[in-house]
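Residue numbers (the working numbering): 412 to 631.
Beta carbons are placed, not taken as given, at the ideal position from N, Cα and C, and that holds for glycine.
So the structure is just underneath, and the comments pick up after that.
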Amino acid sequence: VPVGTLETVQREVEGDAWIETWKEHFRPFNIGKVVVCPAWLDHAPKAGETTVKIDTFMAFGTGEHETTSMCIELIEEYVTPEMTLLDVGTGSGILGISAVKIGAKKAVMTDIDTVAVLSAKHNAEINNVGEKCEIIKADLIDGVEGVADIAVANIMAEILVRLAKDISVQLKKGGMLIMSGIIKARIDLVSAAFEAVGFKSVKVVNKGEWYALVMQNVGL
């Protein structure tokens, strides 16, 4: 079978020019009742819709990735008013911000990356929910105080396994944990780590090659 020359071509983009190129193609889109909207565009939401504005700020999480969209859909399903949500590895802040705009009382959001923390704070402010979002630079949930009603973590499977022991203390008994960033081959690895500390599986969903798990903290 002819395979051609197998050449690879590399093109350098000066400075932050890639951001401007990306902005040209980023348009509002729906994830359930949430409309993710670029901060530089105006959007008039329809009845029942919740608009979440996202500025690039060079942090992961615009909602376009399957893992992020699954998490938002599950947040819509499980978040109720007066809940405090813990968002581990927040990136752009899209999940914590969405939870607050859907109705959560508060979102505690962590990330190990300084740019992500700044991005999440910026996005919380432009969504007018800054006072309801506590954004912390931390390795997973190191130094986080208080007990959350619900938690979400959209990070790699191996990092989720590291989270298991601590989240079992930080999430109230009966609370739901939404996790994504998991491929099929890692589902059993993640499930086993959380089952070992008192979680039970509630739901598994997938989009493309990515999976999201919902587990409940039932205690040991």
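Distance between residue j and residue i (C-alpha atoms, nearest Å)
{"i": "K611", "j": "A596", "result": "19 Å"}
{"i": "A515", "j": "E493", "result": "5 Å"}
{"i": "V613", "j": "V555", "result": "26 Å"}
{"i": "K618", "j": "G474", "result": "13 Å"}
{"i": "N628", "j": "A607", "result": "11 Å"}
{"i": "V580", "j": "K457", "result": "40 Å"}
{"i": "K543", "j": "E477", "result": "26 Å"}
{"i": "L496", "j": "L582", "result": "9 Å"}
{"i": "C448", "j": "L631", "result": "42 Å"}
{"i": "E487", "j": "G459", "result": "12 Å"}
{"i": "T491", "j": "V511", "result": "10 Å"}
{"i": "M520", "j": "I570", "result": "16 Å"}
{"i": "Y622", "j": "L574", "result": "18 Å"}
{"i": "F605", "j": "P439", "result": "36 Å"}
{"i": "E620", "j": "L529", "result": "30 Å"}
Buried/exposed call for residue i, threshold 16 Cβ in 10 Å
{"i": "A527", "result": "buried"}
{"i": "W429", "result": "Legend: pLDDT at W429 = 48, less than 50; position of this residue unreliable, value from coordinates given subsequently. Per the 10 Å Cβ criterion, exposed."}
{"i": "N539", "result": "exposed"}
{"i": "L551", "result": "buried"}
{"i": "I513", "result": "buried"}
{"i": "I593", "result": "buried"}
{"i": "A603", "result": "exposed"}
{"i": "T525", "result": "exposed"}
8 Å Cβ cutoff met for residue i and residue j
{"i": "V625", "j": "L600", "result": "no"}
{"i": "I578", "j": "A549", "result": "no"}
{"i": "I546", "j": "G504", "result": "yes"}
{"i": "A407", "j": "K464", "result": "For the chain, the structure presents residues 412 to 631; residue 407 sits outside this window and is missing."}
{"i": "D453", "j": "N534", "result": "no"}
{"i": "G472", "j": "T479", "result": "yes"}
Best match in the options for proximity to residue i [C-alpha to C-alpha]
{"i": "G609", "options": "I598, K576, V615 and T491", "result": "K576"}
{"i": "G541", "options": "I552, L551, G557 and G507", "result": "G507"}
{"i": "G585", "options": "E460, Y489, A518 and Y622", "result": "Y489"}
{"i": "G557", "options": "G630, H533 and K517", "result": "K517"}
{"i": "V615", "options": "L574, I598, A603 and L529", "result": "I598"}
{"i": "V499", "options": "M567, E460, C448 and I537", "result": "M567"}
{"i": "I537", "options": "T521, T525 and S509", "result": "S509"}
Within-8 Å CB hit, residue i to chain C
{"i": "E606", "result": "Any reference to chain C falls outside this structure, which holds one protein chain only."}
Check whether the stretch 547 to 563 and the stretch 573 to 590 are in contact - that is, three or more C-beta pairs closer than 8 Å. yes
Would you call the stretch 480 to 490 in contact with the stretch 438 to 454, where contact means no fewer than 3 C-beta pairs closer than 8 Å? yes
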